[in-house]
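**Student:**
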Amino acid sequence: MRIESPHILRALGELGVERRPAASLAELTSLGIGGTTDLLRIRQHGHLPALVRLLRDEGIEHRFLGGGTNVLIADGELPWVVLQLIPPQPDVVVEGKTVWVDAAADLGRAVTTCARQNLGGMEGLIGVPGSVGGALRMNAGAYGTEIGRFVREVEVYRSAKGANETLREGEICFEYRHTSFAPGDVMLRARLELPVRPYEEILAGIRVCNEKRRASQPLNQKSAGCIFKNPPGGSAGRMIDGLGLKGFRVGDAMVSDRHANFFVNSGRASCRDMLGLIAEVRARVRAAHGCELEEEVIIWNA
Ligand SMILES: Cc1cc2nc3c(=O)[nH]c(=O)nc-3n(C[C@H](O)[C@H](O)[C@H](O)COP(=O)(O)OP(=O)(O)OC[C@H]3O[C@@H](n4cnc5c(N)ncnc54)[C@H](O)[C@@H]3O)c2cc1C
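In numbering that gives the first Met the number 0, the protein residues as written are 0 to 301.
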């Protein structure tokens, strides 16, 4: 979608929005898939309610993008604009055991910044790419750790109320790759509390997790991490692998030959290729195991 109306462009300017017309979302996502639309980047969290109100009043639909590492986006010209937060500096502030972290901050950098202040616990999250906001939305987790465990409060823009609000830990439910945030909620900032640990111990944990990732994941290929959630008590990757589907492809979308739950863009895969691969693999797992796999990747169809 291309915003061309002069009065909307003027209003965006007044809100300090940085607009990139016809941005390629393929370039903003780890899968390297996605069409084009206007990208609206906002620095002042306080301006988000006014921006969303403006878009709503003008009948312009929007989606909210973090680091783009867990989304599969439709091809072609997209019928909605994309919003993204610009991180303030500093975006991670440590006060004793408390960490204030901006939603736009890079998650891995937040983990290492905390480690340098002797705050541990999040070592397992070190290789999870993307932003803190995306991690909060997805309750990102790895190697026995999930971000939700450390959250004490989250400042959220609540689209239902049209205002920013602070949610405390008991008011948010964090489950396996699922949270109770409403679909229109935008994470702005979080307060985490982390255990104090010796730096060397945290660093050793980080190294172990990095090593495990390097040994098992196709880190040099374009992917969105695991495509499917693990079914209760099972492993989607093991089921797919067991069906001999490593290397199976639809166009340039391919089941990784390193990790069967990672689907990679091996060249110029389209969203259509990737959706075709997801549907085919899901059908085969259903036929073999009677199990309906649920996507972990967020799909933005046009
Ligand atoms: C190589 C690789 C390895 C990965 N390994 C893991 C892993 O071990 N564990 C794991 O959990 N995930 C993993 N992932 C998936 C992904 O990195 C995580 O889900 C990550 O937390 C997504 O963050 P993001 O900022 O990129 O979100 P995006 O992909 O930009 O968005 C994901 C969803 O979050 C929403 N969102 C983003 N920011 C905000 C915000 N501020 N407010 C509200 N909603 C928001 C988006 O609208 C979208 O619905 C991996 C991905 C890759 C490519």
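Glycine residues also receive a C-beta, built at the ideal position from the N, C-alpha and C atoms.
Just so we're clear, the structure is a prediction, and the values are computed from it rather than from any experiment.
Excluding the 5 residues flanking Pro-20 on each side, which residues of the same chain have their C-beta closer than 6 Å to its C-beta?
**Tutor:** Asp-37
**Student:** Round the Cβ separation of Leu-39 and Val-70 to the nearest angstrom and send it over; I've been treating them as touching at under 8 Å.
**Tutor:** Not a contact, Cβ separation roughly 17 Å.
**Student:** Among the residues of its own chain, which have a CB less than 8 Å from the CB of Asn-117, if the five just before and after it don't count?
**Tutor:** Val-195, Arg-196, Pro-197, Tyr-198 and Ile-201
**Student:** Return the CA-CA distance between Arg-148 and Glu-3, expressed in angstroms with no decimal places.
**Tutor:** 44 Å
**Student:** Between the C-alpha atoms of Lys-245 and Gly-169, what's the straight-line distance to the nearest angstrom?
**Tutor:** 42 Å
**Student:** Assess, as a yes-or-no matter, whether the stretch 68-85 is touched by the stretch 25-34 under the definition of 3 or more beta carbon pairs within less than 8 Å.
**Tutor:** In the pairwise beta carbon analysis, the stretch 25-34 is classified as touching the stretch 68-85: at least three pairs are separated by under 8 Å.
**Student:** With three or more C-beta pairs closer than 8 Å as the rule, is the stretch 132-149 touching the stretch 177-196?
**Tutor:** The stretch 177-196 makes contact with the stretch 132-149: 3 or more CB pairs, one atom from each, lie closer than 8 Å.
**Student:** Run the proximity test for Val-207: is its beta-carbon closer than 7 Å to any non-hydrogen atom belonging to ligand 1?
**Tutor:** no
**Student:** On the DSSP letters alone, give me the boundaries of the beta strand (DSSP E) that Asn-138 sits inside.
**Tutor:** Looking at the DSSP string, Asn-138 is not in any beta strand (DSSP E), and its letter there is neither H nor E.
**Student:** Cβ of Leu-124 within 8 Å of Cβ of Thr-144?
**Tutor:** yes
**Student:** Do you know offhand how far Ala-10's Cα is from Glu-164's?
**Tutor:** 24 Å
**Student:** How long is the line joining the alpha carbons of Tyr-175 and His-6, rounded to whole angstroms?
**Tutor:** As the crow flies, the alpha-carbon of Tyr-175 is around 44 Å from that of His-6.
**Student:** Would you give the residue range spanned by the alpha helix (DSSP H) that Thr-112 belongs to?
**Tutor:** 106-115
**Student:** On the criterion of 16 or more Cβ atoms from any shown chain inside 10 Å, does Ser-269 qualify as buried, or is it exposed?
**Tutor:** buried
**Student:** If you compare alpha carbons, which of Gly-250, Trp-79 and Ala-134 is closest to Leu-106?
**Tutor:** Considering only Gly-250, Trp-79 and Ala-134, the residue with the shortest C-alpha distance to Leu-106 is Ala-134.
**Student:** Where does the unbroken alpha helix (DSSP H) through Leu-276 begin, and where does it stop?
**Tutor:** 270-288
**Student:** Does Leu-8 pass the burial test, meaning 16 or more other C-beta atoms within 10 Å, or should it be called exposed?
**Tutor:** exposed
**Student:** What does the Cβ neighbour count give for Cys-304, buried or exposed, with the cut at 16 atoms within 10 Å?
**Tutor:** Limits of the chain in this structure are 0 at one end and 301 at the other, which puts residue 304 out of reach.
**Student:** Suppose you measure from the CA of Thr-178 to the CA of Asp-184; what does that come to, to the nearest Å?
**Tutor:** 11 Å
**Student:** DSSP three-state call for Ser-23: helix, strand or coil?
**Tutor:** DSSP places Ser-23 within a strand segment (E or B) once states are collapsed to three.
**Student:** Do you know offhand how far Arg-1's Cα is from Arg-267's?
**Tutor:** Here the C-alpha atom of Arg-1 lies approximately 24 Å from the C-alpha atom of Arg-267.
**Student:** Measure the C-alpha to C-alpha separation of Glu-94 and Thr-35 and round it to an integer number of angstroms.
**Tutor:** 41 Å
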